[in-house]
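So the sequences go chain by chain: A and B. Numbering-wise (numbering that gives the first Met the number 0), the first sequence opens with residue 0 and increments by one. Numbering-wise (numbering that gives the first Met the number 0), the second sequence opens with residue 0 and increments by one.
Protein chains: 2
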Amino acid sequence: MASPGTRTQILDAAEQLFAERGFRGTSIRAITNLAGANLAAVGYHFGSKAELLAAVARRAIEPINAAQSAGLDRLLAETADPPVADLVEAFAGPLFDEMPGGARTSRLIVTILSDPAEEMRGWTGPAEDAVRDRYFAAFRRALPGLSERELGFRLRGILAVAAVDRVDADNTRSPVTGEAARHWAITFLAAAMSAPPTRT
Amino acid sequence: MASPGTRTQILDAAEQLFAERGFRGTSIRAITNLAGANLAAVGYHFGSKAELLAAVARRAIEPINAAQSAGLDRLLAETADPPVADLVEAFAGPLFDEMPGGARTSRLIVTILSDPAEEMRGWTGPAEDAVRDRYFAAFRRALPGLSERELGFRLRGILAVAAVDRVDADNTRSPVTGEAARHWAITFLAAAMSAPPTRT
DNA sequence: GTCTATAGAACGATAGAC
DNA sequence: GTCTATCGTTCTATAGAC
Chain A
0 MASPGTRTQI
10 LDAAEQLFAE
20 RGFRGTSIRA
30 ITNLAGANLA
40 AVGYHFGSKA
50 ELLAAVARRA
60 IEPINAAQSA
70 GLDRLLAETA
80 DPPVADLVEA
90 FAGPLFDEMP
100 GGARTSRLIV
110 TILSDPAEEM
120 RGWTGPAEDA
130 VRDRYFAAFR
140 RALPGLSERE
150 LGFRLRGILA
160 VAAVDRVDAD
170 NTRSPVTGEA
180 ARHWAITFLA
190 AAMSAPPTRT
Chain B
0 MASPGTRTQI
10 LDAAEQLFAE
20 RGFRGTSIRA
30 ITNLAGANLA
40 AVGYHFGSKA
50 ELLAAVARRA
60 IEPINAAQSA
70 GLDRLLAETA
80 DPPVADLVEA
90 FAGPLFDEMP
100 GGARTSRLIV
110 TILSDPAEEM
120 RGWTGPAEDA
130 VRDRYFAAFR
140 RALPGLSERE
150 LGFRLRGILA
160 VAAVDRVDAD
170 NTRSPVTGEA
180 ARHWAITFLA
190 AAMSAPPTRT
């Protein structure tokens, strides 16, 4: 096994610090100090701080995306019309799982999604959109009376609950354990997704 | 009617810019430029940028807090045990309403709550805690089987959905109107809050 | 209360030696 | 690929004139 390499150590340090302090709250100096690398290494390996963020985000999102996709494949292999509760678990569950890179992944994603800074947007790729579209279609079949727009609202609600829980786990004095949060969230979200359409 | 006064104009400008760009993304210069005031006025009127944020947050939270409290009073005047759906509407509804100061209030609160910066924490006061405790007690009566910790999780879920919707309304190309979002959110959240306790 | 001026520190980026 | 050194910018905060 080769040594981790400066590039990877910078990615690890940046992931941790962006999650803890946000993009603007993290300096390149803090990242390279934590990584044990030189200040100029970020420029050499990534070009700029914004491009480093994009690399960190891509690496963090990828395993979640893959788990969501595999979960949907598994459900669709059994039936063409999986029930709402199963879809919720397959979609939301990976957001609570500990990923190989560590436990900070979801926290990072919230920080990115809720940061108003311009650099935080536009790094999602076609893979993320494809998974989202597949779940969208599956939920539409499971919830035939729901309009596209209200379903879109509800899918964002899933992300919101998963995300803010992770923020809160860091800020609260008595954080819930990961397993309890996962179960509570799926109970909460399965009921929410199963609600009848809002009458207008 | 006296002129708005430099202090108020700074508060207005800071509320708008903190909501749009976050705390660290907003400079005192940008605030005083937008307010038509001098750079040194922030120091004179508020002491520091962090104290200005606290003043902005207090002013933004107060009407939401009052509306939540009045809504609960109204429900409790009719029955000692309001149903879950009514509690959800009274608690979450004000988060979607346009407040006197403008439409940015909820957006600001999300930005503050999800910002990892240290300055963002510790400005909530006893009034906010009191309202939260009263709703907590009312939900406990309406959901007798639910543990305190799972109820706490669900109350944070309400804030999460309301909050992220407001973020999204700014970022999406086709934002939902405020009224539709309010109705959809209350449908979604009433069903979620009414879910039976997670079996362990 | 409002202004000018500036101190003092941190930042992102990069040139150029090795 | 890694390092030192530094440029140019931007920031908060404040001293002191009016």
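The beta-carbon is built from N, C-alpha and C at its ideal position, and this holds for glycine as well. Small disclaimer: the values here were computed from a predicted structure and weren't measured.
Rounded to the nearest whole angstrom, the CA to CA distance from T104 (chain A) to E127 (chain B) is 31 Å. In this model, A34 (chain A) and D80 (chain B) are separated by some 56 Å (Cα to Cα). Residues of chain A with a Cβ closer than 7 Å to the Cβ of E149 (chain B) are, in chain order, W183. If you draw a 10 Å sphere on the C-beta of A159 (chain A), you find 16 or more other C-beta atoms in it, and that means buried.
A check of alpha carbon separations from L188 (chain A) across A:A91, A:P82, A:E77 and A:A76 identifies A:A91 as the nearest.
In the three-state scheme derived from DSSP, where H, G and I count as helix and E and B as strand, S68 (chain B) is classed as helix. The continuous alpha helix (DSSP H) containing T5 (chain A) extends over residues T5 to R20. Annotation for G35 (chain B): no alpha helix (DSSP H) segment contains it, and DSSP assigns it neither H nor E. Residue-level contact by beta carbon fails for R139 (chain A) and chain B, as no gap is shorter than 7 Å. Judged by pairs of C-beta atoms under 8 Å, the stretch 39-51 of chain B does not touch the stretch 130-150 of chain B, as fewer than three such pairs exist. In this structure, DSSP gives T104 (chain A) a helical state, which the three-state scheme calls helix. Closest in alpha carbon position to A59 (chain A), among A:A39, A:F17 and A:V83, is A:F17. Under the three-state reduction of DSSP output, P62 (chain A) falls in the helix class. A residue is called buried when at least 16 other Cβ atoms come within 10 angstroms of its Cβ; Y43 (chain B) does not meet this threshold and is exposed. For the stretch 33-64 of chain B, no residue has a beta-carbon sitting nearer than 7 Å to a beta-carbon of chain A.
The Cβ neighbour count for N37 (chain B), taken over all protein chains shown within 10 Å, is under 16; the residue is labelled exposed. Between E14 (chain A) and V55 (chain A), the C-beta gap is smaller than 7 Å, which places the two residues in contact. Among the residues facing chain B, G24 (chain A) is included, as its CB has a counterpart in that chain under 7 Å away.
Close partners of R153 (chain B) in chain A (Cβ separation under 8 Å): W183 and F187.
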